[in-house]
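Trainee:
Residue numbers (the numbering used here): 6 to 112.
The structure is reproduced here in structure tokens:
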């Protein structure tokens, strides 16, 4: 790979590995939880669609994502390190609060 190619940014969602190749990031519990968080924020309308810039709220999909995170919490109890547990706890709390706020605004 030439030095010029190595300077080009990677396509969206990819990172550069040690060899300089654009690859998908390593899958970890943390990256999975953060991905679900991003999905919920998108469905809350807090993140715009990357191509259209449109923001849509879909509370049913937000609730489904929160339920998925709660299931992960329940099924992984005792198997997470303290940082993973804290991240999951914080994200669940934050998403639940955002969900309640969004639900109350649509009433």
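Idealized CB from N, CA, C, for every residue including glycine.
Remember, it's a predicted structure, so these values are computed and weren't measured experimentally.
(1) Please check the pair residue 104 and residue 68, which I expect to be a contact at CB under 8 Å, by giving their CB distance rounded to whole angstroms.
(2) Are there 16 or more other CB atoms within 10 angstroms of the CB of residue 71, so buried, or fewer, so exposed?
(3) Starting from residue 28, follow its DSSP beta bridges and name the residues at the other end.
(4) On the DSSP letters alone, give me the boundaries of the alpha helix (DSSP H) that residue 89 sits inside.
(5) Candidates 65, 26, 81: which alpha carbon is nearest residue 44's?
(6) Assuming residue 45 is part of the alpha helix (DSSP H), what are its boundary residues?
(7) Compute the Euclidean distance between the alpha carbons of residue 101 and residue 46, then round it to the nearest angstrom.
(8) Around the C-beta of residue 42, are 16 or more other C-beta atoms found within 10 angstroms, so that it is buried, or is it exposed?
(9) With the cut-off set at 8 Å, would you say residue 27 and residue 15 are in Cβ contact?
(10) Just the Cα atoms here: how many angstroms apart are residue 36 and residue 88?
(11) Can you look up residue 53 in the DSSP assignment and give me helix, strand or coil?
Mentor: Let's see:
(1) Here residue 104 refers to the residue found at position 99 when the chain shown is read from its first residue. Here residue 68 refers to the residue found at position 63 when the chain shown is read from its first residue. So it is a contact: roughly 7 Å between Cβ atoms.
(2) Translated into the one-based positions of the chain shown, residue 71 becomes position 66. Residue burial annotation: residue 71 is buried, with at least 16 other C-beta atoms found within 10 angstroms of its C-beta.
(3) Residue numbering aside, residue 28 sits at position 23 when the chain shown is read from its first letter. Answer is 20.
(4) Within the chain shown, residue 89 is the residue found at index 84, counting from 1. For residue 89, the enclosing alpha helix (DSSP H) has its first and last residue at 87–110.
(5) Locating residue 44 in the chain shown gives position 39, where the first residue counts as 1. Of 65, 26, 81, the residue nearest in Cα terms is 65.
(6) Taking the chain shown and counting its residues from 1, the one referred to as residue 45 is at position 40. Its alpha helix (DSSP H) spans residues 34–48.
(7) Taking the chain shown and counting its residues from 1, one reaches residue 101 at position 96. Taking the chain shown and counting its residues from 1, one reaches residue 46 at position 41. Distance between the alpha carbons of residue 101 and residue 46 is about 11 Å.
(8) Within the chain shown, numbered from 1, the residue matching residue 42 stands at position 37. Buried is the call here.
(9) Counting from 1 along the chain shown, the entry for residue 27 is found at position 22. Counting from 1 along the chain shown, the entry for residue 15 is found at position 10. Their beta carbons are under 8 Å apart, which means residue 27 touches residue 15 by this criterion.
(10) The residue you call residue 36 lines up with position 31 of the chain shown. The residue you call residue 88 lines up with position 83 of the chain shown. Rounded to the nearest angstrom, the two C-alpha atoms are 13 Å apart.
(11) If you number the chain shown from 1, residue 53 lands on position 48. Note: residue 53 maps to coil in three-state DSSP.
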